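J.:
Chains as they are written, first to last, in this note's numbering: chain A, 57 to 170; chain B, 4 to 119.
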């Protein structure tokens with residue numbers, strides 16, 4: 057168990073409201089990621105972080121911002137949620153041990169924007 | 004830009020038979036890695052198997068093997084002796100090597116149904 061938790065796990069909100077999703081890890085991994093999953097699109101990278109205060113955009117970053125002020129937390133913010141941001145959001149960390157460098161995923165956060 | 008293609012939206016297989024899930028990729032890099040993940044209906048993402056671009060042998064993990072054909076840029080997942088519990092969505096993913104730019108790009112997935 058990589059000790060990764062996402063909160064909230066489920067959220068329903070209205071268009072135009074701000075939303076923050078939190079990803080918390082307990083094992084000091086350097087890399088953290090936010091993906092969204094939508095039917096027919098697989099998983100698409102929103103933003104990722106390679107250290108405290110070091111972040112970069114993924115392929116679907118418009119409308120999202122992130123922050124990483126400490127190693128264990130990676131926050132994803134929707135400044136003004138839209139219905140197109142209804143999705144399942146996955147946080148992931150990169151394992152540093154072993155050669156494959158696979159990502160380990162959290163359980164997902166289901167966001168519904170009405 | 005790197006790209007992962009899974010051309011089979013859905014596949015069916017009989018229990019105890021083998022099945023191949025297709026994955027092709029596009030990159031001009033020489034160093035890269037290929038991954039397969041399983042997502043059951045419960046929603047969690049489970050890492051299955053990894054193949055490095057310089058690996059000479061095809062990767063195997065239990066009933067999973069990766070049929071890596073570098074010249075054809077394909078990395079198909081083979082599941083032997085299918086079980087009912089193998090019914091799930093399967094994703095192929097690729098990462099490029101290099102510095103802090105470590106990220107995985109995923110295909111759209113293949114939904115596998117194992118019939119009794």
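Backbone N, C-alpha and C define an ideal beta-carbon position, used for all residues, glycine too.
Keep in mind the model is a prediction, meaning the values are calculated, not measured.
Could you check the C-alpha separation between residue 112 of chain A and residue 49 of chain B for me, to the nearest Å?
T.: Stepping through the first chain from its first residue, residue 112 of chain A is reached at position 56. Stepping through the second chain from its first residue, residue 49 of chain B is reached at position 46. About 25 Å.
J.: Between which residues of its own chain and residue 164 of chain A is the CB-CB distance below 7 Å, once the five residues before and five after are set aside?
T.: Taking the first residue of the first chain as 1, we reach residue 164 of chain A at position 108. So the qualifying residues of the chain are 62, 144, 145 and 146.
J.: When burial is assigned at 16 or more other CB atoms within 10 Å of the CB, is residue 85 of chain A buried or exposed?
T.: Mapped onto the first chain, residue 85 of chain A falls at position 29. Buried, since its Cβ has 16 or more Cβ neighbours within 10 Å.
J.: Throw me the rounded Cβ distance for the residue 72 of chain A and residue 148 of chain A pair, which I believe falls under 8 Å.
T.: Against the first chain, residue 72 of chain A aligns to sequence position 16. Against the first chain, residue 148 of chain A aligns to sequence position 92. 29 Å between Cβ atoms; not a contact.
J.: Using 10 angstroms around the beta-carbon of residue 158 of chain A, count the other beta-carbons present and answer buried if the total reaches 16, otherwise exposed.
T.: As a working mapping, residue 158 of chain A is identified with position 102 in the first chain. The residue is buried, with at least 16 neighbouring Cβ atoms inside 10 Å.
J.: Would residue 115 of chain B pass as an interface residue toward chain A - the criterion being a Cβ-Cβ separation below 9 Å?
T.: Here residue 115 of chain B refers to the residue found at position 112 of the second chain. No - not a single Cβ of chain A is within 9 Å of the one on residue 115 of chain B.
J.: Contact between the segment 113-125 of chain A and the segment 64-79 of chain B is defined here as three or more beta-carbon pairs at a separation below 8 Å; is this criterion met?
T.: Too few Cβ pairs lie closer than 8 Å, so no.
J.: Measuring CB to CB, does residue 79 of chain B end up less than 9 Å from residue 86 of chain B?
T.: On the second chain, position 76 is the one that residue 79 of chain B refers to. On the second chain, position 83 is the one that residue 86 of chain B refers to. The answer is no: Cβ separation not under 9 Å.
J.: Return the CA-CA distance between residue 160 of chain A and residue 70 of chain A, expressed in angstroms with no decimal places.
T.: Start at 1 with the first residue of the first chain, and residue 160 of chain A comes out as number 104. Start at 1 with the first residue of the first chain, and residue 70 of chain A comes out as number 14. Cα to Cα, residue 160 of chain A sits roughly 30 Å from residue 70 of chain A.
J.: Taking the alpha carbon of residue 26 of chain B as the point to measure from, which residue in B:17, B:116, B:104 and B:75 has its own alpha carbon closest?
T.: Locating residue 26 of chain B in the second chain gives position 23, where the first residue counts as 1. The option with the nearest alpha carbon to residue 26 of chain B is B:75.
J.: Between which two residues does the beta strand (DSSP E) containing residue 121 of chain A stretch?
T.: Position 65 of the first chain, counted from the start, is the residue given in the question as residue 121 of chain A. Residues 121-126.
J.: Which stretch, first to last residue, makes up the beta strand (DSSP E) that contains residue 93 of chain A?
T.: What you label residue 93 of chain A is simply residue 37 of the first chain in a count that begins at 1. 88-94 is the span of the beta strand (DSSP E), which, as asked, contains residue 93 of chain A.
J.: Determine whether the beta carbon atoms of residue 91 of chain B and residue 42 of chain B lie at a separation below 9 Å.
T.: On the second chain, position 88 is the one that residue 91 of chain B refers to. On the second chain, position 39 is the one that residue 42 of chain B refers to. Closer than 9 Å, so yes.
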